[in-house]
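Engineer:
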Amino acid sequence: MTTVRLTRVVTFSAAHRYYRPEWSVARNREVFGACANEHGHGHNYECHVTIVGPLDHETGMVMNLRDLDRLLREEISDHLDHRFLNHAVPEFGPGRQIPTSEEVAVYVWRRLEPRMPAGVTLVRVRIQEDQFLAAEVGRDGSDAP
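With the numbering used here applied, the sequence shown covers 623 to 767.
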């Protein structure tokens, strides 16, 4: 049986702020710079999701794209698109994880991984914040988050 990797890219626009409420404004500014500004800032993100599984020779697919697109909409777009991540996503609320690209990648992984259909494995989530910054989480011989 032939095993194939498939990557689907979805986009979302979101704002975020890097800020630790237990730190002073000066300490936040020192560590996070302009990313600590009170009103946050936004990005047009790309989320690259890579799965692997056996090629179904009857359909020619690893996973039906209609099903994959629905899953990505439900678990990524519906939760992140046109949101202020610090307010809309409980995991990124005050005193919780800071919505860095790294943490957003882990967040997406944790939403998608348990929803993979039988025989299909999530192997990578890449969050591209802009053309100069991306974070990835995935299976590379070690455990994923």
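All residues carry an ideal CB built from backbone N, CA and C; glycine is no exception.
Please look up how many angstroms separate the CB atoms of Ser723 and Phe634, rounded, as I've assumed it's under 8 Å.
Structural biologist: 13 Å between Cβ atoms; not a contact.
Engineer: For Arg748, which of Arg642, Gly741, Met738 and Val728 has the nearest alpha-carbon?
Structural biologist: Checking every option, the nearest Cα to that of Arg748 belongs to Val728.
Engineer: With a threshold of 8 Å on Cβ separation, who are the neighbours of Asn659 within its own chain once the five nearest residues in sequence on each side are excluded?
Structural biologist: Around Asn659: Arg639.
Engineer: Run the CB neighbour count on Val711, radius 10 Å, all protein chains shown included, and call it buried at 16 or more, exposed below.
Structural biologist: Answer is buried; the Cβ neighbour count reaches 16.
Engineer: Quick check on Glu668: does DSSP put it in helix, strand or coil?
Structural biologist: Strand at Glu668.
Engineer: Kindly indicate which residue of Asp689, Arg705, Glu713 and Val759 has the alpha-carbon position closest to the one of Trp731.
Structural biologist: Of the listed residues, the one whose Cα sits closest to Trp731 is Val759.
Engineer: If you measure from the CB of Phe654, is any heavy atom of the ligand GTP nearer than 7 Å?
Structural biologist: This structure lacks the ligand GTP, and indeed carries no ligand of any kind.
Engineer: According to DSSP, simplified to helix, strand and coil, what is Gly760?
Structural biologist: Residue state, collapsed to three classes: strand.
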